[in-house]
Amino acid sequence: MKPKLTSARRKNRASLSSGSPAGGGWRAGAGNDVHRMVAGRKLILAGVHIPFPKGPAGHSDGDALAHAICDALLGAAALGDIGSHFPNSSPRWRNASSILFLRRVGEMVRGAGFQIVNVDSTIGLEQPKLARFVPRIRKQIAAALGLHRDQVSVKAKTGEGLDAVGLGEAIRADAVALLQVSAPQA
Ligand code: MG
């Protein structure tokens, strides 16, 4: 038996098929990333270099925060994920600056007819303390995405000595993004 459409679902379907925004024209997305912390790698968060003897292993610069934000934005726009656009099998992205990924993703999302409303994020890292770097990190993300700093939130917390983050073996980042439909979609 075919499920009965409520009037709200019917309206939603109609607006989807006509190419105009459904669901009030808002899209939310979530992203996360984790990298192993190893000796001799630079610790970079949203393009900001943080002096520390260890840094994330990775094909690019291992910028977990930038990667999580990219995935949140791509997810909100239903444009796939960071791996599908910047595959780590490609020599092109070897040691690439992830600020470049953020810029590109911002362009892709805008190109698909969305405006970025805000980005919120949390970094999980046992050491070093990140509080004094957070203003610069926010500024970098805002600049890469063409946003005001107030549209970008970055929080930092430790792993309380538990799990891979808490043991200092990993860096983790989580992000959410909200988009507003700015143009009818094809
Ligand atoms: Mg990554």
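If you're matching positions, the sequence shown starts at 6 in my numbering and goes up one per residue.
C-beta: ideal position from N, C-alpha, C; glycine also.
Small disclaimer: the values here were computed from a predicted structure and weren't measured.
| What do you reckon, is the C-beta of A35 under 8 Å from a heavy atom of the ligand MG? | No, since every heavy atom of the ligand MG falls outside the 8 Å radius drawn around the Cβ of A35.
| Neighbourhood of A182 by C-beta distance below 6 Å, restricted to the same chain and skipping five residues each side | Closer than 6 Å at the Cβ level, and outside the excluded window around A182, lie G34, A77, L78, A81, V124.
| said: Within 8 Å, do at least three Cβ pairs link the stretch 45-60 to the stretch 101-111? | reply: Yes, they touch.
| query | Got a sec? Which residues, its chain only, sit under 6 Å from V122 by beta carbon, not counting five neighbours each side? | reply | By the criterion of a C-beta distance shorter than 6 Å, V122 is surrounded in its chain by L183, Q185, once the five residues flanking it on both sides are discounted.
| task | Would you decide whether H72 is buried or exposed? Buried here means 16 or more other CB atoms lie within 10 Å of its CB. | result | By the C-beta density criterion, H72 is buried, having at least 16 other C-beta atoms within 10 angstroms.
| Continuous alpha helix (DSSP H) assignments of at least 4 residues falling wholly in the stretch 98-169 | Segments of the alpha helix (DSSP H) lying fully in the stretch 98-169: 103-116, 139-150.
| Any heavy atom of the ligand MG within a distance shorter than 8 Å of the CB on I87? | Flag set: Cβ of I87 near the ligand MG.
| Among residues of its own chain, excluding the 5 on either side of R32, which ones have a beta-carbon nearer than 6 Å to its beta-carbon? | If you ignore the 5 residues before and after R32, its C-beta comes within less than 6 Å of the C-beta of A81, L184, all in its own chain and listed in chain order.
| said: Applying the 10 Å Cβ sphere with the 16-neighbour rule, what's the burial state of A175? | reply: Here A175 is buried. Its C-beta has 16 or more other C-beta atoms within 10 Å.
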